Structures are given as C-alpha cells and as structure tokens.
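Taking the working numbering, I'd label the letters of the sequence shown as residues 18 to 533.
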Amino acid sequence: MSNISPEEAFKRVIAHAKEYGFIFQSSELYDGLSAVYDYGQNGVLLKNNLRTYWWKAMVQLQGNVVGLDSAIFMHPTVWKASGHVDAFNDPMIDNKDSKKRYRADVLVEDYAEKLRQKADKEVEKAKERFGAAFDEAMYRSTNPRVVEYLSKADAVLTRFNKALEAGDFAEARQVLIDEKITCPVSGSANWTELRQFNLMFATKMGSVAEDASDLYLRPETAQGIFVNFLNVQKTGRMKLPFGIAQTGKAFRNEIVARQFIFRMREFEQMEMQYFVRPGSEMEWYAHWKHARMQWHLALGLGADRYRFHDHEKLAHYANAAADIEFQFPFGFKELEGIHSRTDFDLSRHEEFSGRKVQYFDPETNESYTPYVVETSVGLDRLFLAVLATALDEEVLEDGSSRTVLRLPYAVAPTQVAILPLLKKDGLPELAQTVYNELRWDFQVAVDEKDAIGKRYRRQDAVGTPYCVTIDHQSLVDETVTLRDRDSMKQIRLNIKDLRSNLQESVSMTSLLKKLI
Ligand code: GAP
C-alpha cells in the first residue's frame, strides 16, 4: 500500500482487522472500553500461532529453557521488592483548555524528535546541494543550524529527565512552558501541575472489607519467574546457565493508550529470564540480542523494518539494554526489550522475603545470586507488526485489484481452504473427505458459497496461504488444484500428495527450521 499515507494505511489495518474477525473493541456493544481489545475468530488463531512460534523457539528448541505459568495475582510485597510500587510511574499532565490528558515525557520526546527531524531536513538539503562530495558526519558536527537543533533536543530532554529523577515536578513542567510545548488539540500551553501516576491496577482480595488485602494485577510476567527461580531450579535440577519462559497477560493503566493494540491496558507478554553466572552476562546478552533478532527476521517481514536501539541511559539495575524496534505504520517503535538486569531482582526478593534466593554452583562449590538476561516481547505488538505489514492492496495485470494479507504462511489463521467448484455432483462430498484428512495437521476451512473467484478473494483477505479446488476432474483422477496466495499460481497434484506438499511450506516446523 505504498501509494497512500501511513495514517491512511494504519486506518485500513484497523478497519480490516475488524471486518475480517481479527480484532474487536472490547465491550463494543456498550460503546467499548478504551485500550482493551478482543481477538476474533481469525485473530485468536493468528495470535496462538505467534505464541506457539515463540514458545517452540524459546523452550522446545533450547534444551536448557523450561516453561512456567505463574498466577496473575501475586503477594503485594512482590511489587514493593520489584520497585513497581514506588517507581512504576508515568508523569501526567492535563491541558486546561482542551481537558486532554498527556504523558509529559511523551510531549517532550515528541518535541525533541521534531528538532531532530529539522536537523535531518537540513542534512538532506545539503546532501542534494553537494552531491557525491558530501561528508554527512562532518556536516552534522559543524553546520551551526544542525548543531543547534541537535544540541537543543539533547538539552531539553536532559533538563526534563533530570527534573523528573529529582522529583522536581515544577521544574519538569517549566520545561514545557519554556519550550512553548503546546497541546495538539487546543494549541495552548495552559498546563496543570505535573503529577506522577502509578500504572498498576489495584484490586482487593477477600470478602470482608476489613480483612481484604490490596493486590495488584501484574504489570509484567517477569516477577512470576523471579519468585519461582528456586522452585524451578531445585525441582528441575537445573544448572546455570538456564532459562525460564512464560507467556501471559499483564495489565497497565496507561495514561494515554493510543495506536490500536500497540499500547493496551490489558495485553500479553512473552518473557524469558536467562540465569547466568555473574561475569558471563555480557556474553549472554550479546547471544540473546542476536538470537531474538534472528527470530524476528525469520518471519520474513523484511530486514529493513527492524533496528536495534541500544539504551544509553540505563535503569539503575541494568548494565546493558536494547530494544528491537519495528517500523510500524506510525514509525519505528519498541517491539521487544532485551535487558541485562544483573542480580537486582533476585537480590531484592531475597531482601524483602527474608529467605535466601541463591544458587549453589557444584562446579565452583560456592553459593551466589545469579545474574539475569531478560528477553521480553509483547504478543499484541508482534501481532500488529505482522498484520500491518501483511496487508496489501495489489493491482493485478488486468487493472483490477485484490486485498491480500501476506501473512507468514506458518502463522496464518487458516493454512488451507478447500473449495468445491460446484455445490453438486459429489464435489462437496469429496471436499469433506479431503478436509477430514488434512484437519489433523492443519487449520482447514471449507468454503462452498459464491463464485470461485470471490472465494479466492475471501481467503486472500484473511491470509490463507493455499486454496485447494475440487472440480470434476478430481472425481475422475483424484487430483486437485493447489493455488498459492502470493503468486496466485496453480498446480495440479494428487490428493494423496497434498499433506506432504503443504507440510513443507506452511508447517510451524518449516518456519522454525529457518532459525537453525
Ligand atoms: N519485564 C520487562 C518489561 O515488562 P517492558 O519494556 O515494560 O519490559 C516489554 O515491556 C514488552 O511488552 C514491550 O517491548 C512491549 O512489546 C510490550 N508492552 C509493554 N507495554 C505494553 C502495552 N501497554 N500494550 C501492549 N504491549 C506492551
């Protein structure tokens, strides 16, 4: 969809997701619930396949990574120990004229980004002017206008972040005023005070109000892994290095939830904590950074859509951190985080629980707190990355167009659709026989309604890689046509060869083999 704007392309993705049963607004019947979504009949299949791809790559193929399914509710002290009670905050500010609420840090980052874009424009202009002799690095560091834009962007961010870290909210707010950062809706800089807002959802456990204890819905799945470290290590007799992986729901009361399923209040994470000997963490950090990028690339969405963003400013518990960013319709944004978290989490749980959380190393005969390298990817974000990239409006040779969802074959909701050419002459019965054979290995649909061309288009729109057409010749010689979604090419083959033929191109194994 290269001939339309990114905004229009994104609108089409959202509309397509609804029209074809991928994603619905939660509680739509009651006008919806903001930033909460339901996955429909096709969405749940795609989502399950993406989760399976992750699970098989991270657990089944690893040998030293085991799974876990910890509860959403955890002891409230867990969130004290993890730092979420005190520090899982976003700075919030309201515009008094539009009454709109914003994350102040996002407003400041957007402002800094605009300054950087101005610098980029200057560089582009100079590039055109000077041609082949242009030295971009030199120009960026010496041209007064470019230097001014870039240093201003850095200075604004530094001033704002410093104020936040010091808890000086008046000073942080003053940055918006001084830089004349305005509300995109009202255009005014009439801002309220800035406040910190904790993102955890609180709830109560217990039937009697006085006895009820405050609980939180987990804002990440990782803490379930940390508090089970010893349980898994001991019962599984695991030796370092080893990993624990889990997928599951997480909840964050995001101040501004925008961009469809990119930032939700209820979402799903796929996280793996890799426990290593202190001192070896950088080696494992590099290993997992590479492995996770390869995993994304194997999906085939295009290498130029990914990039690493190495964190310069690290959280106090991390000694290295990077994001894998993906080019969403609204720009490059974080898809996955890979963090070297030192022994922070296990040590904190040791401190807050009063119990020893250490590993006895039989090779060195000593006990110590392992270091952790974490990989954490949002399943819904991954879903959006795949869906948005896959949606295509293809102009065909005859000038007509077709909507085609070019999903990676192995994760498509339905892998094969069986289409009897006519609804008579025994064709539907043969279609049923083929369906009965294939359904053991694949998600199969049978579609008998409408003309065959219309049925192909319907399957293209939900991303079905193959259509099997049953015609009169099939009754005579037990052959069918197999139509490929992307090339639209058809081959004729024997029904008995269908399974092995499909296995080669649409099975999860075929995708996983790209990793090794
Ligand atoms: N345990 C580390 C952790 O939770 P994070 O960067 O806060 O790190 C990890 O989250 C991933 O979870 C992100 O890279 C993103 O893909 C996903 N994620 C985070 N917040 C999200 C939200 N509100 N909606 C959808 N996905 C989200």
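All C-beta atoms, glycine included, are put in the ideal place defined by N, C-alpha and C. Please read these numbers as outputs of a predicted model, since none were measured by experiment.
heavy atom of the ligand GAP below 7 Å from residue i C-beta
i: Arg475; result: no
i: Leu352; result: yes
i: Glu271; result: yes
i: Ser393; result: yes
i: Glu126; result: no
i: Met91; result: no
i: Ala170; result: no
i: Met75; result: no
i: Met310; result: no
i: Met109; result: no
i: Gln286; result: yes
i: Arg324; result: no
i: Arg68; result: no
i: Asp397; result: yes
Euclidean distance between Cα positions of residue i and residue j
i: Gly470; j: Arg500; result: 12 Å
i: Arg509; j: Asp467; result: 22 Å
i: Met299; j: Val389; result: 10 Å
i: Glu196; j: Glu139; result: 21 Å
i: Gln58; j: Leu399; result: 18 Å
i: Asp442; j: Glu465; result: 13 Å
i: Phe151; j: Phe277; result: 41 Å
i: Lys373; j: Ser364; result: 9 Å
i: Tyr37; j: Val461; result: 17 Å
i: Ser491; j: Val244; result: 59 Å
i: Ile341; j: Asp494; result: 51 Å
i: Ser230; j: Lys221; result: 6 Å
i: Leu216; j: Arg280; result: 13 Å
i: Gly148; j: Asp171; result: 29 Å
i: Leu211; j: Leu193; result: 10 Å
i: Arg322; j: Phe292; result: 30 Å
i: Tyr473; j: Cys484; result: 7 Å
DSSP three-state assignment for residue i, whether helix, strand or coil
i: Asp114; result: coil
i: Met289; result: strand
i: Leu408; result: strand
i: Leu424; result: coil
i: Phe39; result: coil
i: Gln191; result: helix
i: Ser418; result: strand
i: Asp86; result: coil
i: Ile533; result: coil
i: Gln79; result: coil
i: His326; result: strand
Interface flag, residue i vs chain B, CB-CB below 8 Å
i: Gln490; result: No chain B is part of this structure, which consists of one protein chain only.
Proximity test, residue i beta-carbon vs the ligand GTP heavy atom, cut-off 7 Å
i: Ala303; result: No copy of the ligand GTP occurs in the structure displayed; its ligands are the ligand GAP alone.
**Message:** Under 8 Å, with one C-beta from each stretch per pair, do the segment 142-150 and the segment 57-76 reach the 3-pair mark?
**Reply:** As far as the Cβ criterion goes, the segment 142-150 does not touch the segment 57-76, which means the pair count is below three.
**Asked** On the three-pair Cβ rule with 8 Å, is the segment 38-55 touching the segment 409-421?
**Response** Output reads no: the segment 409-421 does not touch the segment 38-55.
**Request:** Could I get the ranges of all uninterrupted alpha helix (DSSP H) runs contained in the segment 344-392, with 4 residues as the minimum, in chain order?
**Result:** Within the segment 344-392, the alpha helix (DSSP H) runs of at least 4 residues that lie entirely inside it are, in chain order, 361-370.
**Asked** Which full runs of the beta strand (DSSP E) of 3+ residues lie inside the segment 41-77, going along the chain?
**Response** Counting whole runs of 3 or more residues, the segment 41-77 contains the beta strand (DSSP E) stretches 54-56.
**Request:** Evaluate contact between the segment 344-361 and the segment 375-383, counting only Cβ atoms and requiring at least three cross-stretch pairs below 8 Å.
**Result:** No: fewer than three Cβ pairs fall under 8 Å.
**Prompt:** Which parts of the segment 106-151 are runs of the beta strand (DSSP E), unbroken and 3 residues or longer, counting only runs that do not cross its ends?
**Reply:** As far as the segment 106-151 is concerned, its whole beta strand (DSSP E) runs of at least 3 residues are 106-111, 118-120.
**Ranges of the alpha helix (DSSP H) found wholly within the segment 149-183, counting only runs of at least 4** = Secondary structure within the segment 149-183: the alpha helix (DSSP H) runs of 4 or more consecutive residues, fully enclosed, are 153-159, 161-182 (chain order).
**Asked** Counting pairs of Cβ atoms below 8 Å between the segment 250-269 and the segment 397-406, do you hit three or more?
**Response** By the criterion of at least three beta-carbon pairs nearer than 8 Å, the segment 250-269 is not in contact with the segment 397-406.
**4 or more residues per run - each alpha helix (DSSP H) lying fully within the segment 427-506** = Counting only runs of 4 or more, we get 444-455, 469-479, 489-494.
**Prompt:** Whole beta strand (DSSP E) runs in the segment 260-309 with 3 or more residues, listed along the chain?
**Reply:** Listed in chain order, the complete beta strand (DSSP E) runs (minimum 3 residues) inside the segment 260-309 are 283-293.
**Message:** Under 8 Å: do the segment 203-210 and the segment 104-122 share three or more Cβ pairs, one atom per stretch?
**Reply:** The segment 203-210 makes contact with the segment 104-122: 3 or more CB pairs, one atom from each, lie closer than 8 Å.
**Request:** For the segment 78-91 and the segment 167-180, state whether three or more C-beta atom pairs, one from each stretch, are separated by less than 8 Å.
**Result:** Verdict: no, contact absent.
**Request:** Please determine if the segment 293-308 and the segment 510-519 are in contact, where contact requires at least 3 C-beta pairs separated by less than 8 Å.
**Result:** Not touching, per the Cβ criterion.
**Message:** For the structure I just gave you, are there three or more beta carbon pairs, one from the segment 93-113 and one from the segment 231-239, closer than 8 Å?
**Reply:** Touching, yes.
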